[in-house]
Amino acid sequence: MAIHEQLLAAVDGRRGVEAADRLCEACVVLLDVDAAAISLVFDGASSGTLGSSGAPARMYDELQFTLGEGPCLESVARRIPILVVDLADPREARWPAYGPAMLAYQIRGVYALPVVVAGEYIGALDLFRAQPGELPGEDLAGAVAAAELAGVPLLDILDGDLEAAVTDPNSNAWVELNTLSRAEVSQATGMLIAQLEVEPAEALVRLRAHAYATGRSATDVARDILDRRLKLEAD
Amino acid sequence: MRARKSGKEGNVTVTPRETRVLDAVVSLVDSLLDDFDVVDLLTVLTERCAELLDIEAAGFLLADPLQQLRLLAATSEQARELELYQLQADEGPCVDCYVTGQPVSVADVREAKERWPRFVPAAVGAGFVSVHAVPMRAAGIVLGALGLFGTRSGELTEADLLVGQTLTHIACVAILQEHPPTPATVMPQLRSALTNRVIVEQAKGLLREMLDLSVEEAFHLLRTYARANDEHLTDVARRLVTDRYSRPMLVGELAELAAAPPR
């Protein structure tokens, strides 16, 4: 089974924090890394570590929020993957506080991939490794796939009222990502940005929540919004 | 495809197309050497493809990190045609082309019902007869496919295929131009290009809501505005959907442009 299929199998049928944890655990098993964490950098209040492969990963990740610098914050701010092959390299001076702190934990390789929801860079998948060096090409492709998948649990977290989703045993991350990336859904998201005066990620959360609540597909809801047959209420 | 079937005696028709192809390549490479917007340039590429290959519709589909094909740019924003591209997350000529890395050319799509049970009725319903796909490649990886749809039957000739491949190479360079591609850099760049498309779609929806336009009109207006102001399409779209403070003024300018008589 290809890495991305194994990642999908790890999150299928799971939601929110649980899905994020399982995705991180799968990264550690499938990729050549020692720890993985997913964090959300959005709206200040909800920022922080969301899922992790275990206690050390959580600690490495949360340290960024304490120190105000690190791979996840940089990856989101610059909207690119941040791949640091060796924190012990004297020329590697990008994080004066975070770098030495991670070296003290015996971590030398740090790799962060942005998590994108509705076109917004709202979080990152952080991978940590004791051994310095580049991630092999196949592992990096797997990491990018994991970061793509991480969009689903992040959407769950952004949706305050998740009951419908949590109790759906058939939830399938692949199908959901496919649906949410369709042109109609993005167009309807754009209409909601104007109607509800919210940010893109929140507009998508609202569209998806309505689909869950009414038992319809996000595409059908999007078409109704586009054709002005449906108008969602502002909060 | 139409007149070119004539073969040897076709020298008279071949030369003008060569010239037109070269013109297109020169102007596209010119854009590559300048500052450009990926979604906008690839939309232009699909338009050139359609003209040069005598095809009704063309679209670039790119594989996302989960190896699912997603639309990056197309000649038309009509819902029926968009659906044809979107169906190819599951089946169709572009998926087959992406999986095998080989071109696909089907003279009459009605004969491929068993091969693509969902795609064929959709293609026929949208008025298409011939369907083709040309692979996009870089760094030994297939990145996606260029889908081509015609309203007349007929396979792509070798010359057609060469034109399609040339324009597809330009598209790959446009997507990957920041760095020489390696397997490690290709995936994040594809992902970033697809994210740009999402933002452009959102901006179309936002303009539909605020200016009461169709999504097709909204896309045209965005492109016209971006060109007139020498801005990237994606940057204009991003400002519209994420910057609520500059939005009212930008929407005002777009409304003015929409109301202006065409030049």
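Residue numbers (my numbering), protein chains in the order written: chain G, -13 to 221; chain D, 1454 to 1716. C-beta: ideal position from N, C-alpha, C; glycine also. The model shown is predicted, which means the values in this text are computed figures rather than measured ones.
Whole-angstrom C-beta distance between residue j and residue i, which should lie under 8 Å
{"i": "T1621(D)", "j": "L1599(D)", "result": "5 Å"}
{"i": "D1549(D)", "j": "V1557(D)", "result": "5 Å"}
{"i": "C1547(D)", "j": "A1586(D)", "result": "5 Å"}
{"i": "A74(G)", "j": "R94(G)", "result": "5 Å"}
{"i": "G1597(D)", "j": "Y1551(D)", "result": "6 Å"}
{"i": "D1543(D)", "j": "R1571(D)", "result": "7 Å"}
{"i": "T1610(D)", "j": "D1490(D)", "result": "So it is not a contact: roughly 32 Å between Cβ atoms."}
{"i": "A6(G)", "j": "G37(G)", "result": "2 Å"}
{"i": "A187(G)", "j": "L144(G)", "result": "6 Å"}
{"i": "A23(G)", "j": "D47(G)", "result": "4 Å"}
{"i": "G1717(D)", "j": "A1560(D)", "result": "Residue 1717(D) lies beyond the residue range present for chain D, which begins at 1454 and ends at 1716; the question has no answer from this structure."}
{"i": "V27(G)", "j": "L49(G)", "result": "With 8 Å as the limit, V27(G) and L49(G) do not qualify as a contact, their Cβ atoms being about 14 Å apart."}
{"i": "Q1555(D)", "j": "P1588(D)", "result": "7 Å"}
{"i": "M1640(D)", "j": "L216(G)", "result": "Wrong, their Cβ atoms sit about 36 Å apart, outside the cutoff."}
{"i": "V71(G)", "j": "E120(G)", "result": "5 Å"}
{"i": "L218(G)", "j": "R192(G)", "result": "6 Å"}
{"i": "E1669(D)", "j": "E1500(D)", "result": "The Cβ separation is near 14 Å, so there is no contact."}
{"i": "V1651(D)", "j": "A104(G)", "result": "7 Å"}
{"i": "G109(G)", "j": "S25(G)", "result": "6 Å"}
{"i": "V1478(D)", "j": "T1648(D)", "result": "Actually they do not touch by this definition, with Cβ atoms about 28 Å apart."}
{"i": "Q1521(D)", "j": "N164(G)", "result": "6 Å"}
Pair within 7 Å by beta-carbon distance, residue i and residue j
{"i": "G137(G)", "j": "V101(G)", "result": "yes"}
{"i": "Y84(G)", "j": "L53(G)", "result": "yes"}
{"i": "V130(G)", "j": "L99(G)", "result": "yes"}
{"i": "V1653(D)", "j": "A1713(D)", "result": "no"}
{"i": "L1666(D)", "j": "L1660(D)", "result": "yes"}
{"i": "V1492(D)", "j": "I179(G)", "result": "no"}
{"i": "L1629(D)", "j": "L1515(D)", "result": "no"}
{"i": "A1565(D)", "j": "V1577(D)", "result": "no"}
{"i": "I211(G)", "j": "A174(G)", "result": "yes"}
{"i": "L1505(D)", "j": "V1616(D)", "result": "yes"}
{"i": "A1526(D)", "j": "L1495(D)", "result": "yes"}
{"i": "G40(G)", "j": "P139(G)", "result": "no"}
{"i": "Y107(G)", "j": "R65(G)", "result": "yes"}
{"i": "G128(G)", "j": "Q1655(D)", "result": "no"}
{"i": "A220(G)", "j": "L182(G)", "result": "yes"}
{"i": "V171(G)", "j": "A133(G)", "result": "no"}
{"i": "E1534(D)", "j": "A1579(D)", "result": "yes"}
{"i": "L(-6)(G)", "j": "A12(G)", "result": "no"}
{"i": "L113(G)", "j": "V15(G)", "result": "no"}
{"i": "L1540(D)", "j": "A1510(D)", "result": "no"}
{"i": "A1582(D)", "j": "T1604(D)", "result": "This sequence places Val at residue 1582(D); Ala is not what is there. Yes, Cβ-Cβ distance for V1582(D) and T1604(D) is below 7 Å."}
{"i": "Y97(G)", "j": "L69(G)", "result": "yes"}
Proximal residues of chain D, C-beta to C-beta of residue i below 7 Å
{"i": "P118(G)", "result": "The premise fails here: P118(G) is roughly 16 Å from chain D at the closest Cβ pair, so nothing lies under 7 Å."}
{"i": "N164(G)", "result": "Q1521 and A1542"}
{"i": "I179(G)", "result": "Q1655, L1659 and V1694"}
{"i": "V130(G)", "result": "P1518, M1640, P1641 and R1644"}
{"i": "G(-1)(G)", "result": "Here the premise fails: no neighbours, minimum Cβ distance about 17 Å."}
Chain G contact residues for residue i, given Cβ-Cβ distances below 8 Å
{"i": "V1668(D)", "result": "Q173 and L212"}
{"i": "M1663(D)", "result": "A180"}
{"i": "Q1531(D)", "result": "Those do not exist, as Q1531(D) stays about 11 Å from chain G at its closest Cβ, beyond 8 Å."}
{"i": "D1488(D)", "result": "Simply none; closest approach about 18 Å."}
Proximal residues of chain D, C-beta to C-beta of residue i below 9 Å
{"i": "H196(G)", "result": "Those within 9 Å of H196(G) in chain D number zero; the least Cβ separation is about 15 Å."}
{"i": "G137(G)", "result": "Within 9 Å Cβ-Cβ: nothing; G137(G) doesn't reach chain D, min ~10 Å."}
{"i": "E185(G)", "result": "V1694, T1695 and R1697"}
{"i": "G95(G)", "result": "Here the premise fails: no neighbours, minimum Cβ distance about 14 Å."}
{"i": "A41(G)", "result": "In chain order: nothing, as chain D lies at least about 28 Å away."}
7 Å Cβ cut-off: residues of chain G touching residue i
{"i": "P1574(D)", "result": "Near P1574(D) there are no residues of chain G at all, since even the closest Cβ is about 18 Å away, more than 7 Å."}
{"i": "L1524(D)", "result": "A169"}
{"i": "L1675(D)", "result": "Chain G residues near L1675(D): none, gap ~11 Å exceeds 7 Å."}
{"i": "L1535(D)", "result": "A169"}
Within chain D, partners of residue i - CB distance below 8 Å
{"i": "E134(G)", "result": "D1517, P1518, L1519 and R1644"}
{"i": "G201(G)", "result": "Within 8 Å Cβ-Cβ: nothing; G201(G) doesn't reach chain D, min ~22 Å."}
Check distances from the C-beta atoms of the segment 1642 to 1655 of chain D to those of chain G and list, in chain order, the residues that come in under 7 Å.
R1644, T1648, V1651, I1652, E1654 and Q1655
Return the residues of the segment 46 to 80 of chain G that lie within a Cβ-Cβ distance of less than 9 Å from chain D, sorted by chain order.
R65, I66, P67 and L69
List, from N- to C-terminal side, the alpha helix (DSSP H) runs of 4 residues or more that fit wholly inside the segment 10 to 97 of chain G.
41 to 53, 57 to 64 and 84 to 90
Quick check for students: name the residue ranges of the alpha helix (DSSP H) that lie wholly in the segment 1658 to 1710 of chain D, counting only runs of 4 or more.
Within the segment 1658 to 1710 of chain D, the complete alpha helix (DSSP H) segments of 4 residues or longer fall at 1668 to 1681 and 1686 to 1695, listed in chain order.
Please give me, in chain order, every unbroken run of the alpha helix (DSSP H) with length at least 4 that falls completely inside the segment 1527 to 1615 of chain D.
1532 to 1539, 1546 to 1553 and 1572 to 1578
Taking only runs of the beta strand (DSSP E) that begin and end inside the segment 1464 to 1516 of chain D, which ones reach a length of at least 3 residues, in chain order?
1510 to 1516
To be precise: take each residue of the segment 1548 to 1574 of chain D, compare its Cβ to all Cβ atoms of chain G, and keep it if any distance is under 7 Å. Which residues remain?
none
Near-chain G residues of the segment 1618 to 1631 of chain D - C-beta to any C-beta below 9 Å
none
Going along the segment 101 to 114 of chain G in order, which residues come within less than 8 Å of chain D, judged by CB to CB distance?
V102, A104, G105 and E106
Mind listing, in chain order, the continuous alpha helix (DSSP H) runs of no fewer than 4 residues lying wholly within the segment 105 to 155 of chain G?
123 to 135, 137 to 144 and 149 to 152
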